[in-house]
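The sequence shown begins at 1 in UniProt numbering and counts up one residue at a time. In this text, a Cβ means the ideal position worked out from N, Cα and C, and glycines have one as well. Since the model is a prediction, treat every value here as computed from it, not as a measurement.
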Amino acid sequence: MSLSGRTALVTGGGSGLGAAIAAHLTAAGARVVVTGRRAEPLREVAGRLGARAEVCDVADPAAVDALAARLADEEVSILVNNAGVAGPVAPLTEITPDEWDEVFAVNVRGTYLVCRAFLPPMVARGDGDVINLASVSGKRPLARRTPYCASKMAVLGLTSTLAFEVGPAGVRVNALSPGPVEGDRMDRNFRLEAERTATSVDEARAAFVGRAALGRMITADEVGAAIVAMLAMPGMSGADVDLSAGMVA
Ligand SMILES: NC(=O)c1ccc[n+]([C@@H]2O[C@H](COP(=O)([O-])OP(=O)(O)OC[C@H]3O[C@@H](n4cnc5c(N)ncnc54)[C@H](OP(=O)(O)O)[C@@H]3O)[C@@H](O)[C@H]2O)c1
Numbered sequence: 001m002s003l004s005g006r007t008a009l010v011t012g013g014g015s016g017l018g019a020a021i022a023a024h025l026t027a028a029g030a031r032v033v034v035t036g037r038r039a040e041p042l043r044e045v046a047g048r049l050g051a052r053a054e055v056c057d058v059a060d061p062a063a064v065d066a067l068a069a070r071l072a073d074e075e076v077s078i079l080v081n082n083a084g085v086a087g088p089v090a091p092l093t094e095i096t097p098d099e100w101d102e103v104f105a106v107n108v109r110g111t112y113l114v115c116r117a118f119l120p121p122m123v124a125r126g127d128g129d130v131i132n133l134a135s136v137s138g139k140r141p142l143a144r145r146t147p148y149c150a151s152k153m154a155v156l157g158l159t160s161t162l163a164f165e166v167g168p169a170g171v172r173v174n175a176l177s178p179g180p181v182e183g184d185r186m187d188r189n190f191r192l193e194a195e196r197t198a199t200s201v202d203e204a205r206a207a208f209v210g211r212a213a214l215g216r217m218i219t220a221d222e223v224g225a226a227i228v229a230m231l232a233m234p235g236m237s238g239a240d241v242d243l244s245a246g247m248v249a
């Protein structure tokens, strides 16, 4: 699959899954722009991949519109809405309104704002791909994670609705729902869960991973490869692609 001649914008592209997605898109031939709030990780990724780094807070409408203006000549035709925050791990009754709002501001409002700014040129050109990072938690909820799970359910709803709005113009909108990904973020969750349930970190990990049909988590590389594979399916829109090692099987 060659993405040569296409420009991709990856939000949250300075770290984690975003950096892996940026690497896979670059390897497939796309010109890549990575964006996020912190300049340093973006510069590192951009330097390594030969990508363009642009600081932007996706929850800030003015910043997102300014980014779209700066990239007007780039003809972004692949938009990966990956920026996201995990939010608090606590019962709903202990979550503050500010904590709740921050999760929705980035995960849902940010996705909406970036789509709002970057879709019009794609619609005008009659081609483009939007891929929104949802999560298996948007389908198989986790207790003590209400804002995150609810925000990812909202991302799935936004995806399927938007697919119908821009589909007639030839623009595809899909979601990728990863399961838990090997790395620091999950290691931190396992430590918290072990503390909470007075078990060992290994036991907390085994209990969680045992929920997946394949008995394992997925890797950031698999997420990057899945994004490129989704771009090779021009007949797909409004889909929610599960990449959870069978956590919802
Ligand atoms: N890791 C998993 O197990 C997993 C599983 C399923 C789904 N996901 C989803 O996959 C996506 C990436 O997850 P990850 O694990 O790679 O997370 P991560 O390592 O925490 O990275 C999140 C990225 O988003 C950026 N970001 C956060 N708030 C932002 C904002 N307001 N504006 C712009 N950028 C912002 C961060 O950069 P700055 O802080 O510099 O802004 C960072 O680069 C998220 O949507 C997440 O919900 C992750």
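Relative to ligand 1, is the shortest distance from any of its heavy atoms to the C-beta of residue i smaller than 8 Å?
{"i": "A226", "result": "no"}
{"i": "K139", "result": "no"}
{"i": "D57", "result": "yes"}
{"i": "R14", "result": "Per the sequence presented here, residue 14 reads as Gly, with Arg not at that position. Because some heavy atom of ligand 1 lies under 8 Å away, the Cβ of G14 counts as near it: yes."}
{"i": "residue 250", "result": "Outside the displayed span of the chain (1 to 249) sits residue 250, for which this structure offers no information."}
{"i": "A46", "result": "no"}
{"i": "V248", "result": "no"}
{"i": "A204", "result": "no"}
{"i": "V106", "result": "yes"}
{"i": "G179", "result": "yes"}
{"i": "N82", "result": "yes"}
{"i": "G210", "result": "no"}
{"i": "S135", "result": "yes"}
{"i": "Y112", "result": "no"}
{"i": "A22", "result": "no"}
{"i": "R185", "result": "yes"}
{"i": "A198", "result": "no"}
{"i": "A86", "result": "yes"}
{"i": "A220", "result": "yes"}
{"i": "R37", "result": "yes"}
By Cβ distance, which residues of its chain are closer than 7 Å to residue i, with the 5 residues on each side in sequence left out?
{"i": "V114", "result": "T11, V58, V64, L79, N81"}
{"i": "A30", "result": "L3, R6, T7, A8, I78"}
{"i": "S151", "result": "V103, F104, N107, V108"}
{"i": "G215", "result": "V209"}
{"i": "V85", "result": "E102, V103, V106, N107"}
{"i": "A90", "result": "R144"}
{"i": "M153", "result": "G138"}
{"i": "A46", "result": "V34, R52, A53"}
{"i": "F118", "result": "L9, A68, V76, L79"}
{"i": "C149", "result": "S137, G138, P141, L142"}
{"i": "Y112", "result": "L158"}
{"i": "A232", "result": "M1"}
Counting only the same chain and skipping the five closest in sequence on each side, list residues whose C-beta sits under 8 Å from that of residue i.
{"i": "A194", "result": "S200, V201, E203, A204"}
{"i": "E182", "result": "M217, I218, T219, A220"}
{"i": "D127", "result": "S77, G170, V171"}
{"i": "I227", "result": "I21, H24, L25, V80, I131, L176"}
{"i": "P234", "result": "R172"}
{"i": "L192", "result": "V89"}
{"i": "R125", "result": "E75, S77"}
Can you give the Cα-Cα distance for residue i and residue j, rounded to whole angstroms?
{"i": "L17", "j": "P168", "result": "30 Å"}
{"i": "V130", "j": "R185", "result": "25 Å"}
{"i": "F190", "j": "A72", "result": "43 Å"}
{"i": "E222", "j": "R140", "result": "20 Å"}
{"i": "T26", "j": "A225", "result": "11 Å"}
{"i": "R48", "j": "T146", "result": "36 Å"}
{"i": "R38", "j": "L67", "result": "15 Å"}
{"i": "H24", "j": "P88", "result": "30 Å"}
{"i": "E99", "j": "L92", "result": "11 Å"}
{"i": "R188", "j": "P180", "result": "12 Å"}
Sorted by chain position, which residues of the same chain lie with C-beta nearer than 6 Å to residue i's C-beta, five sequence neighbours on each side aside?
{"i": "R43", "result": "A53"}
{"i": "A239", "result": "N174"}
{"i": "L156", "result": "A134, G138, A175, D240"}
Which of helix, strand or coil does DSSP assign to residue i?
{"i": "P36", "result": "Just to set this straight, residue 36 is Gly in the shown sequence, not Pro. Strand."}
{"i": "V45", "result": "helix"}
{"i": "V64", "result": "helix"}
{"i": "residue 281", "result": "It is not possible to answer for residue 281, since the shown part of the chain is limited to 1 through 249."}
{"i": "R52", "result": "strand"}
{"i": "A59", "result": "coil"}
{"i": "L243", "result": "strand"}
{"i": "R6", "result": "coil"}
Do we get a CB-CB distance below 9 Å when we pair residue i with the residues of chain D?
{"i": "G87", "result": "Reference to chain D is not applicable here, since this structure consists of a single protein chain."}
**OP:** Pick out the complete beta strand (DSSP E) segments inside the stretch 75-140, 3 residues or longer, and give them in chain order.
**Re:** 76-81, 128-133
Original post:
Which full runs of the alpha helix (DSSP H) of 4+ residues lie inside the stretch 145-227, going along the chain?
Top reply: 146-166, 184-197, 201-209
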